[in-house]
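Note sheet for the following structure.
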Amino acid sequence: MVHFNDCEDINYCQRLVSEALSLKEDPYKFELLGKRKTIGLLFFYSSLRTRVSTQIAAQNLGMNVITININQDSYKVETEDGVVMIEDKAEHIKEMCAVMNQYCNILAIRTFSTLESRQSDFSDKVLNTFIKYSTVPIINLESAIRHPLQGLADMVTIEEHKMISKPKVLLTWCPSPKRLPQATANSFAEWSNLLDYELIVAHPRGYELDKRFIGDAKVVYEQDEALQDVDFVYAKEWCSTERYGKITNFDTDWTLTNKKMSLTNSAKFMHCLPVRRNVAVRDEVLDSNYSIVDKQAANRIYAAQAVIKTILDKS
Amino acid sequence: MVHFNDCEDINYCQRLVSEALSLKEDPYKFELLGKRKTIGLLFFYSSLRTRVSTQIAAQNLGMNVITININQDSYKVETEDGVVMIEDKAEHIKEMCAVMNQYCNILAIRTFSTLESRQSDFSDKVLNTFIKYSTVPIINLESAIRHPLQGLADMVTIEEHKMISKPKVLLTWCPSPKRLPQATANSFAEWSNLLDYELIVAHPRGYELDKRFIGDAKVVYEQDEALQDVDFVYAKEWCSTERYGKITNFDTDWTLTNKKMSLTNSAKFMHCLPVRRNVAVRDEVLDSNYSIVDKQAANRIYAAQAVIKTILDKS
Amino acid sequence: MVHFNDCEDINYCQRLVSEALSLKEDPYKFELLGKRKTIGLLFFYSSLRTRVSTQIAAQNLGMNVITININQDSYKVETEDGVVMIEDKAEHIKEMCAVMNQYCNILAIRTFSTLESRQSDFSDKVLNTFIKYSTVPIINLESAIRHPLQGLADMVTIEEHKMISKPKVLLTWCPSPKRLPQATANSFAEWSNLLDYELIVAHPRGYELDKRFIGDAKVVYEQDEALQDVDFVYAKEWCSTERYGKITNFDTDWTLTNKKMSLTNSAKFMHCLPVRRNVAVRDEVLDSNYSIVDKQAANRIYAAQAVIKTILDKS
C-alpha cells in the first residue's frame with residue numbers, strides 16, 4: 001500500500017514535485033477522480049495551513065473531507081500495546097484505526113512530538129501504529145519527526161524560484177520562546193537531499209539534526225558564515241538535541257535580519273509558518289519582496305493534491 | 001412527523017434493518033435524494049463513530065452536513081422552562097430548536113446522561129424538548145437513555161453474521177473505571193426484542209436495566225452461566241441502577257476473555273466502542289477473528305443512512 | 001475590492017435587501033455561481049446562527065466552505081504591529097491573512113470586542129487589519145463595533161412584515177447579567193437609517209450609542225414612553241458607554257413584557273438571539289405570535305447569500 005511518510009525513492013519524490021507543479025496549473029483537471037471517496041483528517045494537535053490546504057486539495061479532487069480534532073471531538077487515545085486501560089484514555093489506537101478504516105478511503109494524520117524523550121519521538125510511535133494497522137493509505141500531516149507535505153511544498157516553491165539547477169540552500173536554526181519539534185527541519189533537509197540541492201545546515205552547538213535526515217549536508221555553527229552566497233534561506237525554530245526537547249539557547253543573534261540576508265546571493269527567504277515576528281525573523285525580512293513564505297503556504301495545496309492524486313491513481 | 005428515537009413499531013424496525021442491508025450493497029443508489037437539503041448534527045457530548053458515520057450516511061444521500069459542537073462552537077443551553085436566565089446559559093433550547101429548524105431539514109442530536117438522577121435521565125429531557133418543539137424530524141444520536149442508531153447497526157451486524165433465524169444473544173455488563181450511561185445497553189436490548197432474538201442479560205446485582213427496554217429477557221447474575229451456548233456476546237459497561245450513576249462494582253471477573261468465550265456456541269464478540277482494552281475485554285478477544293466490533297462500526301453508516309433515507313422519503 | 005462592513009452607499013444597501021428577498025424566493029437559482037470557489041469562515045469568538053447561516057448561504061451558491069475556530073483549531077493571533085512575539089501568540093495576523101488569501105476566494109471573519117477600551121474597540125483593529133492586508137474580499141461576521149449581516153437580515157425581516165412604507169422602529173436596551181458589545185445595536189441603528197425608517201433609541205442614561213451609528217434618531221430615556229405607537233420593537237442588551245464595557249444597570253423594569261408591548265401599535269418583537277429568557281424579555285413575549293425572532297434567524301441565510309452573491313458577481 002502507498003503510504004506517504006518517508007521518501008526513500010528519489011524518482012517518486014521528483015515525480016511528486018512535477019505533479020504538484022502541474023496540478024497548480026490546472027487544479028480541477030481531476031475533479032471527479034475522488035468522487036464518492038472520503039478522506040479523514042485526524043488532528044492530535046492544532047493546525048491552520050495543514051488543515052485548510054489538505055481539505056482544499058482533497059476537494060479539488062472531488063473527495064469528501066471529514067475532519068476530527070481528536071482531543072476535542074473524540075476520545076483520548078491509548079497508543080501502547082497490552083495496557084490495562086484504567087486511566088483517562090478511553091479508546092485504543094487499534095480501534096480508532098480499525099474504525100476510521102471502515103469510514104475513510106485515505107487517512108491523513110497529524111500526530112505530535114513529546115519533546116520529552118528523543119528515543120520515543122524518533123520511534124514515531126503514533127504514526128507508525130496507524131501505518132502498521134491501517135488497511136487504507138496513511139498520509140503523514142506531521143509526526144514526531146517528519147513533516148513531509150511541508151517538505152514537498154518547500155521543494156515545489158524552490159523549483160519555482162530557483163535560477164540554477166542545483167541551488168545552494170541554507171537551513172538555519174532561529175530562536176523561539178517555545179519548545180518546538182525538529183520535524184519540519186528534518187523533512188526540509190531530507191527533501192533537499194532527495195532533490196539534490198547543495199544543502200547547508202546552520203545552528204548553535206547542541207542543536208544537531210539527525211544524520212538520517214541531513215545526510216552529507218555541510219554543518220556550520222556560525223550563521224553569518226553559513227549565509228554566504230546561498231540562494232535560499234530557510235529559517236526554522238527547533239529544540240535542543242543535546243538536552244532533547246529543551247530550549248538551551250535563545251540567542252537573538254540568530255534572528256534573521258536584512259543585514260544578514262545581504263550576505264547571501266540575493267536569497268529568497270522561506271519559513272513554514274507560523275512564525276514569531278522579530279524573534280525568529282524581523283518584520284523587515286518578512287515584509288520584503290524576497291520573502292516567499294506565502295508562496296510556500298499556497299503550495300501546500302498542490303503538494304497535498306499531488307500526494308492524494310497519486311494514492312487515488314494507485315488504489 | 002417521523003422522528004427516530006424509540007421504536008415501538010416492529011414492522012418499521014425490520015424494514016430499517018432490510019433497508020440498511022440493501023444500502024450497504026449500493027450506498028450511492030440514492031445519492032440525489034437529499035440534494036439541496038441540510039442535516040444539522042448537534043453534539044452536546046463528544047463522539048467519533050456517531051459523528052463520522054452519520055456525516056458519511058448523509059453525504060451518501062447527497063445532503064449537506066452541518067456539525068455543531070454545542071459547548072465549543074456555540075452557547076451553553078438552558079433546558080428548563082420558565083427559568084430567569086441570569087446564570088451562564090445564554091441560550092434557551094426553545095430558541096436553539098426554532099433557529100436550527102430554519103436552517104436544517106433534519107436535526108440529529110447527541111444529548112447526555114446526568115448520571116445523577118435516574119428520574120431525570122429517564123425523562124430524557126433534552127431530546128424530548130427538541131422533539132416537542134421541532135418542526136423538522138429529529139434523529140436521536142444517543143440520549144440519556146437510548147442509542148437507537150447503535151441498536152439498529154447492531155441488528156444489521158447480527159443479521160449479517162447469524163447462522164440461525166433466532167440466535168441466542170447475550171448482553172453482558174463489563175467493568176469500567178468511568179461512570180457510563182445505560183443508553184447503549186438499553187437500545188441493544190430493546191432492538192433485540194424487536195427483532196425477536198433470544199435475549200439474555202447478565203450483570204452483577206444492582207445493575208438491573210429497565211423492564212421497558214429488556215422486556216421479558218432472561219436475567220442472569222453469573223456471567224459464566226449466561227455465556228453457555230450463546231451465539232453473540234455483546235459486552236457493555238454501564239453504571240449502577242441501585243445507586244444510580246455510581247460505580248459500585250469493578251469486578252474484573254466480568255472482563256471478557258478467550259476462556260469465557262469458549263463457553264459459548266462459537267459466539268461472535270460485539271462492543272459498540274470505544275472500549276478499554278484489558279478492562280472490559282482482553283486483547284486476546286478483541287484481536288481474535290471472532291471479534292466483529294469493526295463490522296459494527298462500519299454498519300453505523302448504513303443504519304444512519306436507512307433512517308435518513310426513510311425520513312427523506314416521507315418528507 | 002468589495003468588502004462587506006460599513007454601508008455608506010444607500011443604494012447598495014437597498015439593493016442587498018432586494019437581492020436577499022429575491023434569493024429567499026429561489027435560493028438555488030445561482031447554485032453554480034460559486035463552483036470551485038472557497039469561502040473561509042474565521043471565528044475568533046463562538047457563534048451559532050452566524051456560523052450555520054453563512055455556511056448554508058455559501059453552499060446555496062455552490063461554494064466550498066472552510067470553518068476555522070481560531071482559538072481551538074489554530075494558533076493564537078498577534079494583531080499589533082512591530083511586536084517582538086515572545087509571548088503566547090504564535091502567529092501574526094499578517095501571516096494569517098496572507099495564508100488564508102492563498103486558500104480562499106472570500107474571507108468571512110468574526111472578531112470580538114475587548115469591552116475594556118472604547119477607543120480600542122471603536123478602532124475595530126482586527127477586522128480593519130484583515131481589510132488592510134487582504135487581497136480577497138472580507139465579510140464582517142461581527143466585529144468590535146458592527147454586525148452588518150445581522151443588520152441586513154433585520155432589514156429584510158422588517159421589509160417582510162411592515163404595513164407602512166416608513167415604519168416606526170424602536171431599538172431598546174434590555175438588561176443582561178453578562179457584559180455584551182454594542183455591535184448589533186450599532187448595526188441595527190445604522191441600517192434602519194439607511195433604509196429611512198423612523199428610528200427611536202431607548203436606553204438608560206450612560207448607555208448612549210455612538211452618533212456615527214444612530215445618526216439623528218430620537219433618543220428616549222424612558223422605555224414606556226419610547227414604546228408608544230411603534231411598529232417594531234427591537235430589544236438588545238449592550239454594555240455601558242459611560243463606564244465602557246461595564247454593567248452599570250440591571251434594571252428589570254426594562255425587561256420586555258406583554259404589558260409593555262401593549263403600548264405599541266401592535267408591534268412585532270425582534271431580537272437577534274441568543275436571548276436570556278425572563279431577563280431581556282419574558283417568555284410571554286417570546287412565545288407570542290407577534291415575536292418574529294425565528295424569522296430574523298431564517299433571514300440570516302438570505303442576507304449572507306445576497307452579500308456573497310454580490311461579491312461573486314463583481315469578482
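Those protein sequence lines, which keep their order, are chains R, S and D. Counting in our numbering, the first sequence runs from 1 upward without gaps. Counting in our numbering, the second sequence runs from 1 upward without gaps. Counting in our numbering, the third sequence runs from 1 upward without gaps. Ideal Cβ placement from N, Cα and C applies to all residues, glycine included. As the structure is a computational prediction, the values presented were derived from the model and not from experiment.
Could you tell me the alpha carbon to alpha carbon distance between residue i and residue j, rounded to whole angstroms?
i, j, result
"leucine 41(S)", "tyrosine 103(S)", "12 Å"
"isoleucine 158(D)", "tyrosine 197(D)", "10 Å"
"valine 65(S)", "isoleucine 301(D)", "16 Å"
"valine 279(D)", "phenylalanine 232(D)", "20 Å"
"asparagine 265(R)", "aspartate 229(R)", "4 Å"
"phenylalanine 4(D)", "threonine 38(S)", "26 Å"
"lysine 295(R)", "valine 99(D)", "9 Å"
"isoleucine 139(S)", "arginine 277(R)", "49 Å"
"asparagine 11(D)", "threonine 310(D)", "13 Å"
"lysine 317(D)", "serine 143(D)", "The shown model of chain D, from 1 to 315, leaves out residue 317(D), and the question about it has no answer."
"tyrosine 221(S)", "leucine 48(S)", "32 Å"
"asparagine 71(R)", "phenylalanine 44(R)", "6 Å"
"lysine 29(S)", "asparagine 299(S)", "17 Å"
"aspartate 154(D)", "glutamate 8(R)", "59 Å"
Answer yes or no: does any C-beta atom of chain S fall closer than 9 Å to that of residue i?
i, result
"arginine 110(D)", "no"
"tyrosine 75(R)", "yes"
"serine 240(D)", "no"
"glutamine 72(R)", "yes"
"tyrosine 234(D)", "no"
"lysine 211(R)", "no"
At least one CB of chain D closer than 9 Å to the CB of residue i: is that the case?
i, result
"asparagine 289(R)", "no"
"glutamine 102(S)", "yes"
Is the CB-CB distance between residue i and residue j below 9 Å?
i, j, result
"valine 52(R)", "asparagine 101(R)", "no"
"tyrosine 133(S)", "proline 274(D)", "no"
"valine 156(D)", "alanine 297(D)", "no"
"leucine 194(R)", "lysine 218(R)", "no"
"methionine 270(D)", "valine 293(D)", "yes"
"leucine 263(D)", "leucine 227(D)", "yes"
"leucine 152(S)", "alanine 306(S)", "yes"
"serine 187(R)", "histidine 147(R)", "yes"
"alanine 20(R)", "threonine 54(R)", "no"
"alanine 202(D)", "leucine 180(D)", "no"
"isoleucine 86(S)", "threonine 129(S)", "no"
Select from the options the residue whose C-alpha is nearest the C-alpha of residue i.
i, options, result
"lysine 236(D)", "Lys162(D), Arg277(D), Thr184(D), Asp210(D)", "Thr184(D)"
"lysine 35(D)", "Val83(D), Gln150(D), Ile106(D), Ala98(D)", "Ile106(D)"
"aspartate 253(D)", "Ser176(D), Ile93(D), Leu209(D)", "Ser176(D)"
"glutamine 119(R)", "Leu149(R), Ala217(R), Arg243(R)", "Arg243(R)"
"lysine 125(D)", "Met85(D), Asn289(D), Glu78(D), Glu91(D)", "Glu78(D)"
"aspartate 26(D)", "Ala57(D), Glu8(D), Gln14(D), Asp6(D)", "Ala57(D)"
"leucine 149(R)", "Ile68(R), Tyr45(R), Asp287(R), Leu16(R)", "Leu16(R)"
"glutamate 31(R)", "Leu61(R), Asp251(R), Gln55(R)", "Leu61(R)"
"leucine 115(S)", "Gln223(S), Leu312(S), Ile145(S)", "Ile145(S)"
"valine 84(R)", "Ala20(S), Gln182(S), Arg179(S), Thr255(S)", "Thr255(S)"
Can you list, in chain order, the residues of its chain with a C-beta nearer than 6 Å to that of residue i? Leave out the 5 residues immediately preceding and following it.
i, result
"serine 22(R)", "none"
"glutamate 190(R)", "Phe213"
"threonine 257(S)", "Arg282"
"methionine 1(D)", "Pro137"
Within a Cβ cutoff of 8 Å, which residues of the same chain sit near residue i, ignoring the five residues on either side of it in sequence?
i, result
"serine 240(D)", "Gly206, Tyr207, Lys246, Ile247, Thr248, Asn249"
"methionine 131(S)", "A small fix is needed here, since residue 131(S) is isoleucine in this sequence, not methionine. For isoleucine 131(S), where only same-chain residues beyond five positions count, the Cβ hits under 8 Å are His3, Asn5, Ile138."
Which same chain residues end up closer than 7 Å to residue i when comparing Cβ atoms and leaving out the 5 residues on each side of it in sequence?
i, result
"glutamine 59(S)", "Val65"
"phenylalanine 112(R)", "Phe44, Tyr45, Ala144"
"glycine 215(R)", "Asn193"
"serine 291(D)", "Phe269, Val285"
Kindly indicate if chain R contains any beta-carbon less than 9 Å away from that of residue i.
i, result
"glutamate 31(S)", "yes"
"glutamine 182(S)", "no"
"methionine 1(D)", "no"
"leucine 273(S)", "yes"
"arginine 51(D)", "no"
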